[in-house]
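Structure first, then comments.
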Amino acid sequence: MDTREKKETEFIENRLSMKDFLKMQMLFLLPDLKEPVCVIREVFVDKASSLVGRGTKDEYGELFDKIDVTREGFITWDKLTSFLLLELYERDEHTKTSVVPQWKDIKLLPTAHKEPIQKIAYLRSSSRYLTISREGLLGIWTDSLTTQKTIRIATDSVKLKDLWVTSLALLPNVNKIAVGFTSKEICFYDLLSKQEFSCQYKIQDLEQTPISMDYWYNPGDADEAVLSFGDVGGEVNGICFTTAQISLFERPTNTADPDSVIIIKWPELVSGCHRSCYIVRHRAHRSSWVRRVKYLGNLEAFISCTTGAVNSVVLAWKENEGAPLRTTIFHISKGINDFDYHAGMNLIATAGIDNKVCLWNPYVISKPTGVLQGHMASVIAVQFIIAKKQLLSFSKDKVLRVWDVHHQLCIQRVAGIFPKCVDFHMVLYFDEEHGKLLTTFNNQITLLEIKQETGQRVTSHAKPVSCVLYNPVFKQVISSDADSTVTCWMIDTGQKIKQFTRCHGNAEISAMALDATGTRLFTGATDGMVKVWDFNGHCHHKLSAGLDQAVEISQILVLKRTVLVLGWERMITVFRLNSLTQFFVKPAEWKGGLQHQDDILCAAFLPPQTLVSGSYDGEIIIWNNNTENALRKLHPGGKRNFKFNSDSALSKLGNRSRSSSTHSGKRTRSLVLTETETECNYNITRLIFLEARKNVAAGDGANLVSCGGSGTVRFWNTVKSCLVAEFIAHKDVGSIIMSIDKSSQYLFTGDVDGWVKVWDIQEYGLHSSDNVINQPPALLTRFQPHVDCVSHLETCVHNGQLLLISASADCSVVVSYINGSIVGIFGQEEHWRIDGIGELPVPTTCLQDQKEQHEDEKSNAGSEETSSEKNSEDLEDGSLDQSMDTELDVMEHPILSNPWQNTILGKRFQECRGLKESDHRLSPYEEMRSSIGTFSSLRVGELSRVEKIEKPDFVINPHFNVKILKNSENRLNLPDTGKGPFDERSLFPKEILEQGQRARRSHEQQEATLRKKPSREQSRKPKASFSSVSKP
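Residue numbers (full-length UniProt numbering): 1 to 1032.
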């Protein structure tokens, strides 16, 4: 059957296009009626088949019956669209669940463990894996699963040779781990202490040995947490914390040393002596060992299992504090080894000793909702793949199976690749975020990694990236996203170092900043809060910028004595650094008062005291940061550029009408009014000072750059309060953002389509004229590192290379050279190395953009243009048209796949080739060379004007000076050597000069010796090997 016949056999709804559905919509929208009408079956079949023009009436009748499931005899347009959306959703879900994982070759990881491994955990805050073995050896692994270090976990209760670790639980919200020992104690180790993994708490005198542990905390309230553990006596215990982030347990008042280990007796906890927690427990398993325990937060219940046929699985429901647990018991033949829970499907999967994997509804205990059969040996481990709704199961005969839970089918079987051993203790851990499956066989660890799906885009975050920073102190890139996650990356390799989740709960992080030392991170979110963090994930201060209201924070500016927060109102919100002595800090009063007429979106600072702020209406105000008084105003319209000395001058300006409304503390702008559309053309998203131009502003050059609406970039002179130049960097894309390197040589702009442009502004806007400069600077290159809106741009210099870091709403953070070549995407599988040449070619302009800008200049200039200006532009357009065919083809494909850079073999060949050519290479700037000549890449500008030189006296009166020279007795005596005009000390190295001095002294000594014995020398004939010395 060919493709066409196969397509005809599909259902009619699968063959219809968007145009067909628009035609079908006319059935439900009659011309004389405003609301959709109901259509009966006969009318739908006749009219739909005639309007669409494809398919039979029987097919439309079947479609009608599928939609009208309640058999009402009529359908509406809402019912039709709901049916189509539901069908598409089910098809998408089926596609996800039917995708079979493609595994890479299995790897056996080198490990220092000598005893069986008891637990594997992933520490998301630092992107590290933890493994712990029976002898107490804690292995710390990087995200690429290379051993970082090993630490010996011990307790002074038993000797080291008698030490036996039973389990480990990770406490991510308080940065601790809990370890259980056979000595009937649980120790808590702090991950952020000076000595990493130092013991902080120790629970002793447990009734039985804990052999399984689990930890849960409430994402909405991190103070609420539960540590559950099961012991060898069949008892399940739960320690319910109420103030976890403040303190897990109460510290005794008589403790002198704050770093000492706090000993907690289990009977004290059970009796309720600690107000920060309480204990819940049950013994429903009788005397069987509790193999696995877990607290289900959405059900508020403890689930545990044993290998016994009676009371195999117990669900213990937590009622009120202090009330006994209500239990639900599952009896499973022969018992189970393991279980897992899927909150989305509300299913419990059990690994049965009878070779079966059963799926249970927590509220139905009579029989399982599904039985997955196929294993030939006892199933010892199960784990859900949450996103794909699949299940992993591993049996005693070393067979891994992947199940489609919805259809209860095995979609993959993996066997024959695991280590060969008869008796083994096995742990299965699947890291769904990174697609890594870790399995242990006694002390061995194997890795199965899922191959990246073909065509899948590499992402750095799970949600759109909102901000990115570069920390030169740690040489790290810091990125944040809409899910309130902050991630730290190494700029050298792209490796993820740390990750802090839910920094502001569910609020989106919209702005970040670093202090001057680079050791404190400021994050601002849509909840109106600014938090101050260290890079261990500890929050030191909370700055209430929105005064407990949800506001849009667009920028945080950290200065020497103040922190400025902007984005949602017309006044600058300021915090004094000397007031950061408390955890919660309220804003101070801005002395300059209310000066802007619209919301302030951004600001910039130029030492020692110049501060500028830009608002939504395009207005820029220049402030004295020391006095906080407004000095001058700038506006691209020109009418509002003036200087004032007091706040009263601004108050005389009438408040213009604004189309804005407030809803839940967030402002929503109208896009209908003409005035608002005009403001959108002027809104300012970024302000950057050209710090390298120190003395330019005193003249007539630009020292401030702004960008924003309509893709326009403007250059300002803040001293003379004038607009020097403006040009459209991105046409018809709306608002843009920008960044400028420290040397003020390159301007980087990004738009909503993911495009980035690089401009040469080193010589741009150095001199102003009577008219504003509209000619754009030289466009060096443009490229598209993203497929969605560029949200942030940052530049950094690393290993002598100027790099551009771009963040986007497509969830990626990209590092690229300034010539447009991509270094890598944070989060990609292969780590990179920044050692390539990222220099720009000879500066050229993008012909297409330049032509559009010339056309815009022609239309805007109108009758003011002279004939000579028109002729020059016509000549430029003519030259552009001649090369348009070749140049535009290059610009349509700005990023080409280079096998020498994108393949490992090509990179190694280039490295070897570079080593061979390094001896005779004249210049590292290979892209700036030309076949015309050695100096063809140099740009020779207009020669500087030579000032009038006064002639010296001997030129004006030559005869008088010559006469004096002849009559003078002091003639000019030139030295024998060139020590007068040429100093040999500056011409030759020190070693050569010392060697010459030694030779000169040796020669003088020889001459002195010969002078002392003249008769003997004259009587002897000189030998052939020596030169004769003749005297006069």
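Here a beta-carbon is modelled for each residue, glycine too, at the ideal position from N, C-alpha and C.
These figures come from a predicted structure and were not determined experimentally.
Check, Outcome
"Taking the alpha carbon of Lys389 as the reference point, which residue from Thr253, Asp404, Ala482, Lys742 has its own alpha carbon closest?", "Asp404"
"My output table needs one value for Phe83: the three-state DSSP class, helix, strand or coil.", "helix"
"I'd like the span of the beta strand (DSSP E) that includes Phe302, first residue to last.", "301 to 305"
"Would you check if there are 3 or more beta carbon pairs closer than 8 Å linking the segment 423 to 434 to the segment 772 to 783?", "no"
"Output needed for Tyr217: all residues of its chain with C-beta closer than 6 Å, excluding positions within five of it in sequence on either side, in chain order.", "Asn173, Ala225"
"Considering only residues of the UniProt repeat \"WD\" (509 to 536), which uninterrupted beta strand (DSSP E) runs meet the minimum length of 3 residues and lie entirely inside it, listed in chain order?", "509 to 514, 521 to 525, 529 to 533"
"What residue from Lys47, Gln148, Thr627, Phe330 has the CA that sits closest to Val310's CA?", "Phe330"
"Apply the 10 Å Cβ neighbour rule to Cys421 and answer buried if 16 or more other Cβ atoms are within range, or exposed otherwise.", "exposed"
"Which same chain residues end up closer than 7 Å to residue 1033 when comparing Cβ atoms and leaving out the 5 residues on each side of it in sequence?", "The structure shown does not extend to residue 1033, since the chain is modelled only from 1 to 1032, so the question has no answer here."
"Once you ignore the five residues that flank Ile773 on each side, which residues in its own chain have a CB closer than 6 Å to its CB?", "Ala725"
"Let me make sure I understand the geometry here. Which of Leu160, Glu196, Arg54, Val39 has the alpha-carbon closest to that of Asn175?", "Glu196"
"Please work out which residues of its chain come closer than 8 Å, Cβ to Cβ, to Arg283, disregarding the five sequence neighbours upstream and downstream, and give them in chain order.", "Gly233, Gly234, Glu235, Val236"
"By how many angstroms is the C-alpha of Thr493 removed from the C-alpha of Lys129?", "First, the amino acid is wrong: residue 129 is Tyr here, not Lys. Going from the Cα of Tyr129 to the Cα of Thr493 covers about 19 Å."
"Between Val814 and Ser806, how many whole angstroms is the CB-CB distance? I'm expecting something under 8 Å.", "5 Å"
"Can you tell me the Cβ-Cβ gap for Leu547 and Val585, rounded? I've got them flagged as a contact below 8 Å.", "At roughly 12 Å, the Cβ-Cβ gap does not stay under 8 Å, so Leu547 and Val585 are not in contact."
"If you count every other CB in all the chains shown that lies within 10 Å of the CB of Ser333, and 16 or more means buried, which is it?", "exposed"
"Whose CA, out of Ile622, Gly699, Ile203, Glu300, lies closest to the CA of Glu268?", "Ile203"
"Ser768 by DSSP, collapsed to three states: which one?", "coil"
"May I ask you to list the residues that DSSP assigns as paired with Glu128?", "A small correction: the amino acid at residue 128 is Arg; Glu does not occupy that position in the sequence shown. Paired residues: Leu123."
"Determine contact between the segment 695 to 714 and the segment 763 to 773, defined as no fewer than three beta-carbon pairs at a distance below 8 Å.", "yes"
"So for Ile12, helix, strand or coil by DSSP?", "helix"
"Work out the CA separation of Tyr89 and Asp20 for me, nearest whole Å.", "20 Å"
"Let me check understanding here. Comparing Cα to Cα, which of Arg502, Ala630, Arg570, Gly220 lies closest to residue 1037?", "Only positions 1 to 1032 of the chain appear in the structure, and residue 1037 is not among them; the question remains open."
"Short of 7 Å in beta carbon distance, which residues of its chain neighbour Gln245, apart from the five on each side in sequence? Order them along the chain.", "Asn173, Val174, Ala222, Asp223"
"For a test of the three-state rule: what should DSSP assign to Met24, helix, strand or coil?", "helix"
"Please report the residue range of the beta strand (DSSP E) in which Leu138 lies.", "137 to 141"
"Using the C-alpha atoms, what's the distance from Ser144 back to Glu927?", "Here the model assigns Glu927 a pLDDT of 37, short of 50, so the residue's position is not dependable and the matter cannot be decided."
"Near Pro981, which residues of its chain fall below 6 Å by C-beta distance, leaving aside the five closest residues on each side in sequence?", "Confidence is the limiting factor: at Pro981 the pLDDT is only 46, short of 50, which leaves the residue's position unreliable, though a coordinate-based value still follows. Hits under 6 Å: none found."
"Could you give the distance in angstroms between the alpha-carbon of Pro252 and the alpha-carbon of Ser393?", "47 Å"
"Return the CA-CA distance between Asp751 and Arg686, expressed in angstroms with no decimal places.", "13 Å"
"Quick check on DSSP: helix, strand or coil for Glu852?", "Summary for Glu852: the model assigns pLDDT 47, below 50, so the residue's position carries little reliability; its value from the coordinates is reported in the next sentence. Helix, per DSSP."
"Can you grab the Cα-Cα spacing for the pair Glu433 / Arg782, in whole Å?", "33 Å"
"Taking Asp322 as the reference, which of Val280, Leu296, Trp289, Gln25 has the closest Cα?", "It is Gly, not Asp, that sits at residue 322 in the sequence shown. It is Val280 whose Cα lies nearest to the Cα of Gly322."
"Report the three-state DSSP secondary structure of Ile386 (helix, strand or coil).", "coil"
"Measuring CA to CA, which of Pro362, Tyr363, Ser366, Val382 is closest to Ala351?", "Val382"
"Skipping 5 residues on each side, what residues in its chain have a beta carbon closer than 7 Å to that of Asp856?", "With a pLDDT of only 48 at Asp856, under the threshold of 50, the placement of this residue in the model should not be trusted; the figure read from the coordinates follows. Once the five neighbours on either side are set aside, the close Cβ partners of Asp856 are Ile728."
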